[in-house]
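Chemist:
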Amino acid sequence: MPKSFSDSPLRVLIALVTLGLVALASSCSKGPESAAPAKAGTVKIGFLVKQPEEPWFQLEWRFAEQAAADLKFSLVKIGATDGEKVLTAIDNLAAGGAQGLVICTPDTKLGPAIVSKAKAANLKLIAVDDRFVGADQQPMAAVHYLGISARKIGEAVGQTLADEMKRRGWTPADTAVCAITFDELATAKERTDGATAVLLAAGLPKERIFRAPMRTADIPGSFEAANTLLTQKSDVKHWLVCGSNDSAVLGAVRALEGRGVAVENAVAVGINGTDCIVELEKAKPTSFYGSMLLSAKEHGYKTSEMLYKWIKDGVEPPLDTRTIGTLITRENFRKVLKEQGIRE
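Basically the working numbering = 1-based index in the sequence shown + 182.
Okay, structure coming up:
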């Protein structure tokens, strides 16, 4: 005979049956809505950028985070600086349960591969800033895209330079244009083409517009390109400088300084408005006159919001959305940055 009833197999059996009945009763008492986890708040979106260290992309991420907080979705920020990292990131997003991604690709020619990879993973896709290019070297118009009106931004730069030239009383005979170019990127080419077209219309002869191609799309690349041009054209008295972004123009400004060109003899206007703040804050003005500030909030918040609504509510965004810029100078940049939510 057992030492106690607790050791009895019958007692164990009774306990197990009792536990089962309790669990069954508990399950039956729950409403039908509790049978499966709620789907609300489960949207996950990836936001990939090509240069995560750049202020512009950090701002895009910041506003994407704001959208995630406002709309209650999960955001995954990824720095994808080359094609391999982009494709790996898409695989990881899919494996992690993401339903879509926003991407500024490090190479626009990766477009077909990105589209194919996203489609296979059933991920909705929006390209931001730089538009995908297909195998035919044409923009992939079927891919949802939010970017700037590149030609119009460039034209605004050209008009600003033309207005300053007129205000300062410079003549076409003693003035030349240093256009820092990076034609490998279609968006960059549209910007510089737009600027030079306006300057031509303003009366500058074609032979006074000099294009300085960059080998690399950064300040060192711009400096090298501008320095080569300035060495060849040392007789020019007044310079107007444009480029595809702030970095391109800042490199040229440094080259002008290195060649001994006086601040009052050059006017440089950039594009982006986020990579030139330190320049505008300098106690002593440089020849960097201003920049066309692009809306990082539109590019970060709006793309994320559009993708979220597409995933959650089935509201497909427009295929092509464009933004414009606002001129910032030493006189107004603090006020404008505050209005744009970039600075307090």
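Quick reminder that beta carbons are idealized off the backbone N, C-alpha and C, glycines included. All values derive from a computational prediction rather than experimental measurement.
1. Just how far apart, CA to CA, sit Gly403 and Glu235?
2. Helix or strand or just coil, what does DSSP make of Asn514?
3. Please determine, among Ala430, Arg525, Gln414 and Lys419, the residue with the shortest C-alpha to C-alpha distance to Pro395.
4. Indicate whether Val359 and Phe405 have their beta-carbon atoms separated by less than 8 angstroms.
5. Please state whether DSSP places Leu519 in a helix, a strand or coil.
6. With burial defined as no fewer than 16 other Cβ atoms inside 10 Å of the residue's Cβ, what is the status of Ser416: buried or exposed?
7. Use the C-beta contact count for Asn427: other C-beta atoms within 10 angstroms, 16 or more gives buried, fewer gives exposed.
8. Check whether the stretch 462–476 and the stretch 430–450 are in contact - that is, three or more C-beta pairs closer than 8 angstroms.
9. Roughly how many angstroms separate the alpha carbons of Gly289 and Pro321, rounded to a whole number?
10. List, from N- to C-terminal side, the beta strand (DSSP E) runs of 3 residues or more that fit wholly inside the stretch 270–300.
11. Between the Cα of Gly440 and those of Val339, Gly316, Gly455 and Leu412, spot the shortest distance and give me the residue it belongs to.
12. Is Ile227 near Leu269, with beta carbons less than 8 angstroms apart?
13. The beta strand (DSSP E) spanning Trp421 covers which residue range?
14. Assuming contact is defined by CB atoms lying nearer than 8 angstroms, are Cys458 and Ser473 in contact in what I supplied?
15. Return helix, strand or coil for Lys259, following the three-state DSSP convention.
16. Pick helix, strand or coil for Met488, following the three-state DSSP scheme.
17. Alpha carbons only, please: which of Arg313, Val297, Trp243 and Asn274 is nearest the one belonging to Lys306?
18. Distance check for Arg333 and Thr369, CA to CA, integer angstroms please.
19. For Leu241 versus Thr456, is the C-beta distance shorter than 8 angstroms?
20. Alpha carbon to alpha carbon, how far is Ala303 from Ala276? Give it in angstroms, no decimals.
21. Whose CA, out of Arg525, Glu498 and Lys491, lies closest to the CA of Asp252?
22. Under the assumption that Ala377 contacts Glu346 (Cβ atoms under 8 angstroms), give the Cβ distance between them as a whole number of angstroms.
23. Cβ-heavy atom distance between Thr508 and the ligand MG below 7 angstroms?
24. Would you grab the beta carbon distance between Tyr483 and Ala246 for me? Rounded to a whole angstrom, and I think it's under 8 angstroms.
25. For Val310 and Thr505, which I take to be in contact (beta-carbon distance under 8 angstroms), what is that distance rounded to the nearest angstrom?
26. Where does Asn447 fall in DSSP's three states?
27. List the residues that DSSP assigns as beta-bridge partners of Cys360.
28. Less than 8 angstroms between the C-beta atoms of Phe255 and Cys286, yes or no?
29. Report the option in Arg350, Gly340 and Lys348 whose CA atom is closest to the CA atom of Ala361.
30. Our contact map puts Thr363 next to Thr374 with C-beta atoms below 8 angstroms; I'd like the distance itself, whole angstroms only.
Modeler: So, from the data block:
1. The residue given as residue 403 occupies position 221 in the sequence shown. The residue given as residue 235 occupies position 53 in the sequence shown. In this model, Gly403 and Glu235 are separated by some 18 angstroms (Cα to Cα).
2. In the sequence shown, the residue the question calls residue 514 occupies position 332. Taken through DSSP and simplified to helix, strand or coil, Asn514 comes out as coil.
3. Position 213 of the sequence shown, counted from the start, is the residue given in the question as residue 395. Nearest C-alpha to Pro395: Ala430.
4. Locating residue 359 in the sequence shown gives position 177, counting from the first residue. Locating residue 405 in the sequence shown gives position 223, counting from the first residue. For the 8 angstroms CB-CB criterion, Val359 and Phe405 do not form a contact.
5. Reading the sequence shown from its first residue, position 337 is the one you call residue 519. In the structure shown, Leu519 sits in a helix (DSSP, three-state: H, G or I).
6. In the sequence shown, counting from the first residue as 1, residue 416 sits at position 234. Ser416 should be labelled exposed.
7. The residue labelled residue 427 in the question sits at position 245 within the sequence shown. It counts as buried.
8. Contact between the stretch 462–476 and the stretch 430–450 is established, with three or more Cβ pairs separated by less than 8 angstroms.
9. To locate residue 289, count along the sequence shown from 1; it is residue 107. To locate residue 321, count along the sequence shown from 1; it is residue 139. Rather than Gly, the amino acid found at residue 289 in this sequence is Asp. Asp289 and Pro321 have their C-alpha atoms spaced approximately 13 angstroms apart.
10. Counting whole runs of 3 or more residues, the stretch 270–300 contains the beta strand (DSSP E) stretches 282–285.
11. Sequence index remark: in the sequence shown, residue 440 carries index 258 (1-based). Per the Cα distances, Leu412.
12. Position 45 of the sequence shown, counted from the start, is the residue given in the question as residue 227. Position 87 of the sequence shown, counted from the start, is the residue given in the question as residue 269. Between Ile227 and Leu269, the C-beta gap is not smaller than 8 angstroms, which leaves the two residues out of contact.
13. Numbered from its first residue, the sequence shown carries residue 421 at position 239. For Trp421, the enclosing beta strand (DSSP E) stretches over residues His420 to Gly425.
14. The residue given as residue 458 occupies position 276 in the sequence shown. The residue given as residue 473 occupies position 291 in the sequence shown. A contact, by the Cβ cut-off of 8 angstroms.
15. As a first step, residue 259 is located in the sequence shown; it is residue number 77 there, counting from the start. The three-state secondary structure of Lys259, taken from DSSP, is strand.
16. Start at 1 with the first residue of the sequence shown, and residue 488 comes out as number 306. DSSP places Met488 in helix when its eight states are reduced to three.
17. Residue mapping note: residue 306 aligns to position 124 of the sequence shown, counting from 1. Selected option, being the one with the closest Cα: Val297.
18. Here residue 369 refers to the residue found at position 187 of the sequence shown. Here residue 333 refers to the residue found at position 151 of the sequence shown. Cα-Cα distance, rounded: 8 angstroms.
19. Within the sequence shown, residue 241 is the residue found at index 59, counting from 1. Within the sequence shown, residue 456 is the residue found at index 274, counting from 1. Yes, the pair counts as a contact, with Cβ atoms nearer than the cut-off.
20. In the sequence shown, counting from the first residue as 1, residue 276 sits at position 94. In the sequence shown, counting from the first residue as 1, residue 303 sits at position 121. Approximately 6 angstroms between the Cα atoms of the pair.
21. Numbered from its first residue, the sequence shown carries residue 252 at position 70. Ranking the options by Cα distance to Asp252, first place goes to Lys491.
22. Position 195 of the sequence shown, counted from the first residue, corresponds to residue 377. Position 164 of the sequence shown, counted from the first residue, corresponds to residue 346. Between the beta-carbon of Ala377 and that of Glu346 there is about 13 angstroms, and that puts the pair past the 8 angstroms contact cut.
23. Ligands are entirely absent from the displayed structure, and the ligand MG is therefore not among its contents.
24. Your numbering for residue 483 matches position 301 in the sequence shown. Your numbering for residue 246 matches position 64 in the sequence shown. Going by Cβ atoms, the distance from Tyr483 to Ala246 rounds to 7 angstroms, so yes, they are a contact pair.
25. Counted from its first residue, the sequence shown places residue 310 at position 128. Counted from its first residue, the sequence shown places residue 505 at position 323. Actually they are not in contact, since the Cβ atoms of Val310 and Thr505 sit about 10 angstroms apart, beyond 8 angstroms.
26. For the purposes of this step, residue 447 is identified with residue 265 of the sequence shown, where counting begins at 1. Asn447 carries a helical assignment under DSSP once its states are collapsed to helix, strand and coil.
27. Taking the sequence shown and counting its residues from 1, the one referred to as residue 360 is at position 178. Phe392 and Val423, per the DSSP bridge assignment.
28. Indexing the sequence shown from 1 puts residue 255 at position 73. Indexing the sequence shown from 1 puts residue 286 at position 104. Contact: no.
29. The residue you call residue 361 lines up with position 179 of the sequence shown. The shortest C-alpha separation from Ala361 is found at Gly340.
30. Start at 1 with the first residue of the sequence shown, and residue 363 comes out as number 181. Start at 1 with the first residue of the sequence shown, and residue 374 comes out as number 192. Thr363 to Thr374, Cβ: 5 angstroms. Contact.
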